[in-house]
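Per the numbering used here, the sequence shown starts with residue 33, numbered consecutively.
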Amino acid sequence: MTLSPKRLTDALKGFLEEDLATGDLSTSALPPQLVHGDFVVKHAGVIVGQCLPDAVYQLLGPKCHYTPTVPDGTLVPQGTVIGQASGPVADLLAGERTILNLMQRMSGIATATHLAVTTLNDPSIGILDTRKTAPGLRLFDKYAVQCGGGINHRMGLYDAVMLKDNHWHLITDFPATVRRLRQLCGPTKTIEVEVATRDQLQAAIASQVDMIMIDNQTPATARAWRKIIPTSIKVEVSGGITPTKLPAYAGSGIDFISLGYLTNSVQALDIAFNLTD
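Set out below in structure tokens:
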């Protein structure tokens with residue numbers, strides 16, 4: 033996925049309105065002048081959001097400019113200048129917090145994703161995100177996962193089927209439900225089923241779903257269940273998987289590990305904007 037210009041602009045307009053409303057009172061008494069500033073990362077991490085400063089500045093004033101010094105997805109050490117900005121001081125300061133809030137969150141997500149990928153150390157298994165994103169920020173959150181080396185799961189309820197525990201609670205005829213979904217959704221929509229018991233696993237296999245999510249099971253159970261699932265069905269594991277648990281899944285034969293903490297427990301990467309003149 034990419035950050036489409038229209039969706040990006042529409043989102044940023046709302047974010048700026050939230051922060052600025054009728055104007056920045058703090059800069060109202062400052063003399064107008066052109067200044068320069070650096071964006072500096074204060075801790076090592078993966079940088080994401082290099083399109084944001086210029087997109088924000090273009091909404092604030094035509095004299096603002098941003099030059100990134102590293103591309104998205106770059107792992108940088110502490111103290112790296114990741115970009116340089118210039119323009120009227122009022123405009124640069126008006127956009128500072130919106131830019132930093134987004135870049136810090138996105139870079140934090142990408143850094144956590146990169147750590148998960150390297151900790152797992154098995155390129156045959158993809159690290160997936162989830163729908164556990166901040167409302168209004170899914171586009172940004174999922175782009176950040178990609179930049180960190182992860183893979184986007186479904187974007188929303190509209191682009192894939194996932195039958196989970198609450199669906200199981202309501203379903204009385206599982207094979208008939210899967211057949212009906214095939215008719216309704218067509219051949220291009222993936223049908224994934226979350227399973228927590230051996231009976232659910234067998235039902236999902238018999239119905240020839242596209243993907244099975246093994247939920248809240250031990251690595252040993254995931255390995256054992258993978259062996260009885262046909263190779264035509266992709267296998268995902270999820271549920272309480274922390275970075276320290278990831279190595280136990282290496283070489284298991286599963287296809288994906290989904291990690292909700294990538295986007296719902298974000299530790300932002302510390303980035304500062306410092307005027308240089």
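From the three backbone atoms N, C-alpha and C, an ideal C-beta is built for every residue, glycine too.
Are residue i and residue j closer than 7 angstroms when you measure CB to CB?
i	j	result
V267	D287	yes
R137	V298	yes
I159	G188	no
G292	K164	yes
T59	L125	yes
H75	T308	no
T150	V78	no
L278	L152	yes
T222	D242	yes
I244	I265	yes
P100	G111	no
V102	V73	no
For residue i, does the three-state DSSP call read helix, strand or coil?
i	result
D70	strand
N296	helix
L134	helix
A87	helix
S58	helix
K38	helix
L169	coil
I141	helix
I286	coil
G93	coil
G218	coil
G158	strand
Starting from residue i, follow the alpha helix (DSSP H) in both directions and report where the run begins and ends.
i	result
D197	D197 to L202
I237	R230 to A238
T253	P251 to I260
Terminal residues of the continuous beta strand (DSSP E) containing residue i?
i	result
G77	G77 to I79
M243	M243 to D247
T99	H97 to P100
S118	V113 to P120
A304	I303 to L307
K266	K266 to S270
T276	Segment: none, T276 is in no beta strand (DSSP E) and carries neither H nor E.
T106	T106 to V108
I223	I223 to V227
For residue i, count the other beta carbons within 10 Å of its own beta carbon; 16 or more makes it buried, fewer makes it exposed. Which is it?
i	result
K174	buried
D161	buried
L44	buried
D191	exposed
Q240	exposed
E224	buried
S139	buried
P120	buried
L66	exposed
Q232	buried
Which residues in the same chain have their Cβ closer than 6 angstroms to the Cβ of residue i, if we skip the five residues on either side of it in sequence?
i	result
R255	S284
A235	F206
D104	V80, Q82 and C179
Could you name the residues of the same chain whose beta carbon sits closer than 8 angstroms to that of residue i, not counting the 5 residues immediately before and after it, in chain order?
i	result
D123	Y89, L92, G93, K95 and C96
E49	none
A238	P207
A280	P251
Whose C-beta lies closer than 7 angstroms to the C-beta of residue i among residues of the same chain, with five residues either side of it excluded?
i	result
L134	G81, L84 and F172
T145	I159, V177, G180, G181, G182 and L294
L147	P275
R39	L171
H185	L160, D161, T162 and S290
C217	V193
Heavy atom of the ligand NAD less than 6 angstroms from the Cβ of residue i, yes or no?
i	result
L294	In the structure on display, the ligand NAD does not appear, and there are no ligands present to speak of.
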